[in-house]
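Trainee: Position one of the sequence shown corresponds to residue 1 (the numbering used here), numbered consecutively onward. Built from N, CA and C at the ideal position, the CB exists for glycine as well. Quantities reported herein were computed from a predicted structural model and do not represent experimental measurements.
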Amino acid sequence: MSQQHSVLIVGAGSGGLSIAARLRNQPNPPAVTIIEPSEYHYYQPLWTLVGAGVFDKEVTRRAQRDYIPDGVRWLKTRVVSFEPDQHSVTTADGEHHSYEQLVVAVGIQLDWEKIEGLSGNLGKHGICSNYSYDTVDSTRAALSSFRAGNAVFTFPATPVKCAGAPQKIMYLADDVFRRAGVRGRSRVIYAAAGASIFGVQKYARALSKVVERRGIETMFRHHLIAVDAPKRQAFFKHLDSGQELTLPFEFLHITPPQSAPDVVKMSALANADGWVEVHKHTLQHTRYPDVFALGDASSLPTSRTGAAIRKQAPVLVDNLVAYREGRPLSAS
């Protein structure tokens, strides 16, 4: 079976929903269809405060249907392949969907399996993560039971969604430990693959003062490769020397390696690194002019954040409408 669509959006996260709403608010709106398998929409920025014990995780989850813009058709299924040469996608139910324009907003993939020994141990032995709805409660539990030892916070050698989140929970945890009177019996360690505390120097200077004031130890250029959960040992590789380091822990917050979703990596839309290859100013695909992308799955040289999407969405919509009307793509 085959269905035809004017504008087809794949993904109903912040990016996909923003594009759908803006398109439907145009003076002469095109027909818009969203493909999204999830029944729920998650407000992920709040997971840091859920992990710290400030909110219950249920407040971060709402019914997806409540956020689909009026006039937008929602297909509750999953895209299993992109076929841009045929101007179509195939979904898990075997349907083929052709489009006039395609917007790819499928987010980012969490590659937990790339950490050896982690499978089956997340939420046990002091190992936790704020990076999914299913695991965020593990952080709260691990924080409340921590009494002494090494509290380790990781950042992988990959792009991640919300690059500040691995540090936010660290600062909150440090405060929890101080309030509980256990900070004097513990070491708070930031083991990150980056070369400094943050990639933007303006913020790196400020954050360096924060970690110094709080007595937080930093281990830069260290990438977590494995854990021995029962022994509470974390294994890191130094990205420059290749040397491996074993670090014992009582508390380990993991930011998992992340990448473009496999369905993108395996498609003709991907660049050499697996991301949807778009022009960094127009957000139009560099090889398929009827395809646009934004957000975490795109090749755009920005942070993978909701703040980035807030700036990307108006540009994408302006240029997509211009393309439909045969005008130059002038938004940047």
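For His279, which residues in the same chain have their Cβ closer than 7 Å to its Cβ, ignoring the five residues on either side in sequence?
Mentor: Along the sequence shown, one-based indexing puts residue 279 at 279. Cβ within range, chain order: Thr286.
Trainee: For Ile197, which three-state DSSP category applies?
Mentor: Taking the sequence shown and counting its residues from 1, the one referred to as residue 197 is at position 197. If DSSP states are grouped into helix, strand and coil, Ile197 belongs with coil.
Trainee: Using a 10 Å radius around the Cβ and a threshold of 16 neighbouring Cβ atoms, would you call Gln312 buried or exposed?
Mentor: To locate residue 312, count along the sequence shown from 1; it is residue 312. It is buried - the Cβ of Gln312 has at least 16 other Cβ atoms within 10 Å.
Trainee: Determine the contact status of Gln3 and Ser38, defining contact as a CB-CB distance below 8 Å.
Mentor: Start at 1 with the first residue of the sequence shown, and residue 3 comes out as number 3. Start at 1 with the first residue of the sequence shown, and residue 38 comes out as number 38. Cβ atoms of Gln3 and Ser38: not closer than 8 Å.
Trainee: List in chain order: all unbroken alpha helix (DSSP H) runs of 4+ residues lying wholly within the segment 189-263.
Mentor: Within the segment 189-263, the complete alpha helix (DSSP H) runs of at least 4 residues are 201-214.
Trainee: For Phe249 and Gly242, what's the separation of their Cα atoms in angstroms?
Mentor: Within the sequence shown, residue 249 is the residue found at index 249, counting from 1. Within the sequence shown, residue 242 is the residue found at index 242, counting from 1. Cα-Cα distance, rounded: 22 Å.
Trainee: Keeping to the same chain, check which residues put their C-beta closer than 8 Å to that of Thr48; ignore five residues upstream and five downstream.
Mentor: The sequence position of residue 48 within the sequence shown is 48, counting from 1. Around Thr48: Asn130, Ala165, Lys168, Ile169 and Leu172.
Trainee: Over the uninterrupted alpha helix (DSSP H) stretch that includes Arg62, give me the two end residues.
Mentor: As a working mapping, residue 62 is identified with position 62 in the sequence shown. Per DSSP, Arg62 belongs to no alpha helix (DSSP H); it is in the beta strand (DSSP E), Arg61 to Ala63.
Trainee: Counting C-beta neighbours from all protein chains within 10 Å, is the total for His281 16 or more, i.e. buried, or is it exposed?
Mentor: Here residue 281 is taken as the residue at index 281 of the sequence shown, counted from 1. Exposed is the call here.
Trainee: Whose CA, out of Gly274, Leu252 and Pro230, lies closest to the CA of Ser259?
Mentor: The residue labelled residue 259 in the question sits at position 259 within the sequence shown. Looking at the Cα atoms, Gly274 is the closest of the given residues.
Trainee: Could you name the residues of the same chain whose beta carbon sits closer than 6 Å to that of Gly13, not counting the 5 residues immediately before and after it, in chain order?
Mentor: Indexing the sequence shown from 1 puts residue 13 at position 13. Excluding positions up to five away in sequence, the list reads Gly107.
Trainee: By the three-class DSSP mapping on this structure, what secondary structure does Gly94 have?
Mentor: Within the sequence shown, residue 94 is the residue found at index 94, counting from 1. Note: Gly94 maps to coil in three-state DSSP.
Trainee: Kindly give me the distance between the Cβ atoms of His253 and Thr139, rounded to whole angstroms, as I take these residues to be in contact under 8 Å.
Mentor: Looking up residue 253 in the sequence shown gives position 253. Looking up residue 139 in the sequence shown gives position 139. His253 to Thr139, Cβ: 6 Å. Contact.
Trainee: Distance, Cα to Cα, Val79 vs Thr90?
Mentor: Working through the sequence shown from its first residue, we reach residue 79 at position 79. Working through the sequence shown from its first residue, we reach residue 90 at position 90. Taking the straight line joining both Cα atoms gives about 6 Å.
Trainee: Is the segment 94-112 touching the segment 228-236, taking contact as three or more C-beta pairs under 8 Å?
Mentor: Output reads no: the segment 228-236 does not touch the segment 94-112.
Trainee: I'd like to know whether the C-beta atoms of Ala192 and Phe146 end up nearer to each other than 8 Å.
Mentor: What you label residue 192 is simply residue 192 of the sequence shown in a count that begins at 1. What you label residue 146 is simply residue 146 of the sequence shown in a count that begins at 1. Not in contact: Ala192 and Phe146 (Cβ atoms no closer than 8 Å).
Trainee: State the start and end residues of the unbroken beta strand (DSSP E) segment that holds Phe82.
Mentor: In the sequence shown, counting from the first residue as 1, residue 82 sits at position 82. Val79 to Glu83 is the extent of the beta strand (DSSP E) around Phe82.
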